[in-house]
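In the working numbering, the protein residues as written are 13 to 333.
We put the CB at the ideal spot given by N, CA and C, even for glycine.
Just below is one structure, and these are the notes that go with it.
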C-alpha cells in the first residue's frame, strides 16, 4: 500500500515529502486518486470533449464554405468531373460523421460527469442554454442518417449577398429527411418545425454556440460548488510538484562548476516573459535571486540549502564585467 494511503487526510507537506522519498510515483498516484483529483481529471476530460466537438463542428462549417469556391469551376457536377465531386462529397460526409460522433461523445462524457459531480440547477441550465427544441436530438440522429444519405447537387445552395459575396449553404429538403424513418421524436419535431429545408451548416453553428454557452456556465457552477474539494487536491499537487522541483534543483546546482555563467542557461528554463521579470532587477543581486525563485514558483520550497546554492551561482563577479 502506498505511504499516503496509510495516513488519513488532510495530508501535510511532511506527509507528502515522506511519500515522495518512499516512492515518488506512488505519491503522485495517491494524490491524483483523491476525490478532488478525480474531479479535476473529470473537468479536463469534459473540456477536451467540448474542444473536440467545437473543432469538428468548425470543420464541417469550413468545408461547406469551401464548396462556394470549389463549385465555381465549370462542370463541377458533370460526369467528366465525377471523381472530383465524389471526393468532395466523401469529405463532407467524413466531417459530418466526426462532428455528429463528437456530439454523442460529449453527451456521454457529460452524463458520466454529472452523475458523479452533479451541480444544482443542471437541468434548468440545459433547458436555458439549449433552447432550440429538437436540435440536439437531430444532430445525434444525423450521424446514422449520414451513413444512408447520398449527397447530391440539389443539397447545395449558392446565395449572392452584396456585402458577403458568394455564400454556400448545405441544405436538406424536409421531405427527404422525413423519408428516413429512424428519427427520434425530438429530431423529427425539429425537422417539421424547420420549414421546407434544414440548413446543416446553420444547425451546427447554432448548436456549437449553445455548447459554448452551456459549458462555460457549467464549469463556473462546478468551480463554485466544488471549490473545497478542488482546493485540497490542488494544494496537495502544488506541494508535491514544489518538493520535486526542490530536489531537482538541489541535484542540478550541486554539480555546477564555479566558473559557469548562469545567464546563458536562463532561456532553457524560463519563458521570455519570465526572463524579463528576472532581468529587470539589479544584476546578480538578492532581489534578482528572489525574482528568479518567484517565477519558478519556488518561494515556498526554496530551503536554506537550495538558496545557498543559488546565491553561490549568482554571486557578484570580482572582476570587471
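Legend entry - Member of 63, 250 and 168 whose CA lies at the smallest distance from the CA of residue 29: Taking the chain shown and counting its residues from 1, the one referred to as residue 29 is at position 17. Minimum Cα distance to residue 29 is reached at 250.
Inset, instruction - Within the same chain, show all residues whose beta-carbon is closer than 7 angstroms to that of residue 209, passing over the 5 residues directly before and after it, in chain order. - result: Start at 1 with the first residue of the chain shown, and residue 209 comes out as number 197. The answer, listed in chain order, is 183, 184, 185 and 186.
Inset, instruction - Examine the Cβ distances between the segment 254-267 and the segment 297-312 and report whether three or more of them are shorter than 8 angstroms. - result: Touching, per the Cβ criterion.
Legend entry - Secondary structure of residue 292, DSSP reduced to three states: Within the chain shown, residue 292 is the residue found at index 280, counting from 1. Of the three classes helix, strand and coil, the one that applies to residue 292 here is coil, per DSSP.
Inset, instruction - Drop a sphere of 10 angstroms on the beta-carbon of residue 281, count the other beta-carbons inside from all chains shown, and report buried for 16 or more, exposed for fewer. - result: The sequence position of residue 281 within the chain shown is 269, counting from 1. Under this definition residue 281 is an exposed residue.
Legend entry - Residue nearest to residue 227 in terms of C-alpha spacing, selected from 126, 74, 73 and 48: The residue labelled residue 227 in the question sits at position 215 within the chain shown. Closest option to residue 227, Cα to Cα, is 126.
Legend entry - Delimiting residues of the beta strand (DSSP E) encompassing residue 209: Position 197 of the chain shown, counting from 1, holds the residue named residue 209. Residue 209 -> beta strand (DSSP E) spans 209-211.
Inset, instruction - Would you kindly check if the distance between the Cβ of residue 114 and the Cβ of residue 64 is under 8 angstroms? - result: Taking the chain shown and counting its residues from 1, the one referred to as residue 64 is at position 52. Taking the chain shown and counting its residues from 1, the one referred to as residue 114 is at position 102. Their beta carbons are under 8 angstroms apart, which means residue 64 touches residue 114 by this criterion.
Inset, instruction - Tell me whether residue 270 sits in a helix, a strand or coil according to DSSP, three-state version. - result: The residue you call residue 270 lines up with position 258 of the chain shown. Residue state, collapsed to three classes: coil.
Inset, instruction - Classify residue 270 as buried or exposed, calling it buried when 16 or more other Cβ atoms lie within 10 Å of its own Cβ. - result: The count along the chain shown starts at 1 and reaches residue 270 at position 258. With fewer than 16 other Cβ atoms within 10 Å, it is exposed.
Legend entry - residue 244 - containing alpha helix (DSSP H), residue span: In the chain shown, counting from the first residue as 1, residue 244 sits at position 232. Per DSSP, residue 244 belongs to the alpha helix (DSSP H) from 239-265.
Legend entry - Per-residue DSSP class, three states only, for residue 122: Position 110 of the chain shown, counted from the first residue, corresponds to residue 122. In the structure shown, residue 122 sits in a helix (DSSP, three-state: H, G or I).
Inset, instruction - State the DSSP-derived secondary structure class of residue 32, mapped to helix, strand or coil. - result: Start at 1 with the first residue of the chain shown, and residue 32 comes out as number 20. In this structure, residue 32 counts as helix in the three-state DSSP scheme.
Legend entry - Span separating the alpha-carbon of residue 322 from that of residue 23: Within the chain shown, numbered from 1, the residue matching residue 322 stands at position 310. Within the chain shown, numbered from 1, the residue matching residue 23 stands at position 11. In a straight line, the C-alpha of residue 322 is about 29 angstroms away from that of residue 23.
Inset, instruction - Using 10 angstroms around the beta-carbon of residue 267, count the other beta-carbons present and answer buried if the total reaches 16, otherwise exposed. - result: Taking the first residue of the chain shown as position 1, residue 267 is located at position 255. The residue is exposed, with fewer than 16 neighbouring Cβ atoms inside 10 Å.
Inset, instruction - With a 10 Å radius around its C-beta and 16 neighbouring C-beta atoms as the bar for buried, classify residue 220 as buried or exposed. - result: Translated into positions along the chain shown, residue 220 becomes position 208. Residue 220 is buried by the Cβ-count criterion.
Inset, instruction - Return the residue from the list 14, 243, 67 and 203 that minimises the CA-CA distance to residue 151. - result: By 1-based counting over the chain shown, the position of residue 151 is 139. Comparing Cα positions, the closest option is 203.
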